[in-house]
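The opening position of the sequence shown corresponds to residue 27 in this note's numbering, with each subsequent residue numbered one higher.
Note that beta-carbon positions come from the ideal geometry of N, C-alpha and C, so glycine has one too.
Everything below concerns the one structure shown next.
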Amino acid sequence: MLFRQILDPATSSLSYLLADEASAEAVVIDPLPATALLVRSILQEQHLTLRYVLRTHVHAPDRIECGALCQLPGVCYAVGHFAAAPSAHLRLADDDVVPFGSEHLRVMATPGHTPGCVSYLWRDRLFCGDVMEINGCGQAVDETNFGQMYDSVIHRIFALPDETLLFPAHDYRGRTVSTIAEERRMNTAFLGRSREAFVTAMQAWPGNRKHAA
Ligand code: FE
C-alpha cells in the first residue's frame, strides 16, 4: 500500500492519497486546488492511476468542489449521498464500498458539520473530514447541526476499535494523526458530555447560536 498525507499550509487542510501498489490504482480524499500539482507529481513518480476523487463533504456554494484532478481521464468524483455537489459522478451511501485495486474504502455517514458529511474507513484508518478534529469537534458553518455531530462522533466514530488511526481534514496546531482511544479519553469537546450538554456548550460559543440541536 502507499499512503501520503498532504498538507496545505495556507489553510491547515489535510488531504490523503492512498494507492494499491500491485494494481497501481489510487484514490485521493479531499484534495485542494493548491495541492493538485503535488498530487499529480506523486501519481507520476509512483506510476499510479487515479481512480477516485473523494470528498468527505462539500460546502455550498463551493468553488473547489472538485477541481483539476477530476478532469483526469477515468477519474470518478464521488461524494456522500446528501452532499451539495451537483457535479459529482457518484453518490455514496452509508456502508458503500469504494474499490481500488485489491483495496477498498468503506463509507460511513457522519453528518453534523454538514448534512452530507461522510467519513472513509480504510484498513485501520478513518478519514473523518470536518465532523471532528483532533481534541475538538468540527467547526460550525451554516449547515452545521450539533446534535447530528454528537451522534456521528459518539455513536459511529467512537464505536470503532481503539487502535483506529484518525485523520481529520484540518488541524490548526500542526498535529497530523490521533487514535480513537485517545480521542475517547481526551477530546474535551465531547468528554463527559451528554448530547444535550454538548449542543448547549457548542451553541454558547460566539457565532454558534444559530446552529440547530
Ligand atoms: Fe468543512
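Within the segment 144 to 210, the runs of beta strand (DSSP E) that reach at least 3 residues and sit entirely inside it are, in chain order, 144 to 148, 151 to 155, 191 to 194.
Residue pairing by DSSP puts A135 in a beta bridge opposite V144.
Taking one beta carbon from each stretch, the segment 166 to 177 and the segment 127 to 138 have 3 or more pairs nearer than 8 Å; the two touch. V101 carries a coil assignment under DSSP once its states are collapsed to helix, strand and coil. At the C-beta level, G142 and A110 come within 9 Å of one another. Annotation for T226: the continuous alpha helix (DSSP H) segment containing it runs 221 to 230.
By the Cβ test, the segment 30 to 48 is in contact with the segment 195 to 203, since at least three Cβ pairs between them sit closer than 8 Å.
With three or more CB-CB distances shorter than 8 Å, the segment 227 to 236 counts as touching the segment 148 to 167. With contacts defined as CB atoms closer than 9 Å, G93 and T75 fail to qualify as a contacting pair.
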